[in-house]
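Residue numbering for the sequence shown follows my numbering, beginning at 1 and increasing consecutively. Beneath this line is the structure, given in structure tokens, with notes to follow.
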Amino acid sequence: MSSVDFTSLYNHHEREVFAAVIASAPKYPTLNRDDDLLCDVACVALNRLPPRYIRHAVDFSFYLTESERLETDAAIAEAVSYAFNFVQARLALRTKQGG
């Protein structure tokens with residue numbers, strides 16, 4: 001079997017979550033100055049969402065109803081909000097413990 005190029009596959013939620021993290025970052029001044037913490041927020045948010053692997057964004061969008069699209073947007077918003085609060089709480093705990 002020849003080598004298969006899987007580089008066109010990606011999790012649809014990645015781009016949406018990254019955009020939501022960037023948009024929400026100004027609300028979290030203790031986190032928005034540190035790219036590593038924003039990456040942590042994105043990881044936590046993505047881990048709260050079911051993966052949706054696709055090759056082309058149009059593939060995912062084409063098969064969603066408007067209701068499903070709204071549900072997906074709400075799930076992403078909730079996951080990002082949770083992730084910011086989670087990372088912020090962990091940072092506060094680590095700072096309190098001196099490490």
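Idealized CB from N, CA, C, for every residue including glycine.
Pairwise C-alpha distance: residue 3 and residue 91: For the purposes of this step, residue 91 is identified with residue 91 of the sequence shown, where counting begins at 1. For the purposes of this step, residue 3 is identified with residue 3 of the sequence shown, where counting begins at 1. Cα to Cα, residue 91 sits roughly 43 angstroms from residue 3.
Residue range of the alpha helix (DSSP H) that residue 73 falls in? The residue you call residue 73 lines up with position 73 of the sequence shown. DSSP places residue 73 inside the alpha helix (DSSP H), whose first and last residues are 66 to 96.
How about residue 87 and residue 31: are their beta carbons less than 8 angstroms apart? On the sequence shown, position 87 is the one that residue 87 refers to. On the sequence shown, position 31 is the one that residue 31 refers to. Going by C-beta atoms, residue 87 is nearer than 8 angstroms to residue 31.
Tell me which same chain residues have a C-beta within less than 7 angstroms of the C-beta of residue 8, skipping the five on either side of it? For this step, residue 8 is matched to residue 8 along the sequence shown. Taken in chain order, the residues that qualify are 55.
Please classify residue 35 as buried or exposed, where buried requires at least 16 other C-beta atoms within 10 Å of its C-beta. Against the sequence shown, residue 35 aligns to sequence position 35. So residue 35 counts as exposed.
Taking 8 angstroms as the threshold (C-beta atoms), are residue 14 and residue 46 in contact? Stepping through the sequence shown from its first residue, residue 46 is reached at position 46. Stepping through the sequence shown from its first residue, residue 14 is reached at position 14. Less than 8 angstroms separates the beta-carbon of residue 46 from that of residue 14.
Distance, residue 12 Cα to residue 60 Cα: Locating residue 60 in the sequence shown gives position 60, where the first residue counts as 1. Locating residue 12 in the sequence shown gives position 12, where the first residue counts as 1. Just so you know, the alpha carbons of residue 60 and residue 12 end up roughly 8 angstroms apart.
Near residue 28, which residues of its chain fall below 7 angstroms by C-beta distance, leaving aside the five closest residues on each side in sequence? As a working note, residue 28 is residue 28 in the sequence shown. Within the same chain, 84, 88 come within 7 angstroms of residue 28 by CB-CB distance, once the 5 residues on both sides are set aside.
Residue 76 and residue 21 - do their beta-carbons sit closer together than 8 angstroms? If you number the sequence shown from 1, residue 21 lands on position 21. If you number the sequence shown from 1, residue 76 lands on position 76. Residue 76 is positioned such that its CB atom lies no closer than 8 angstroms to that of residue 21.
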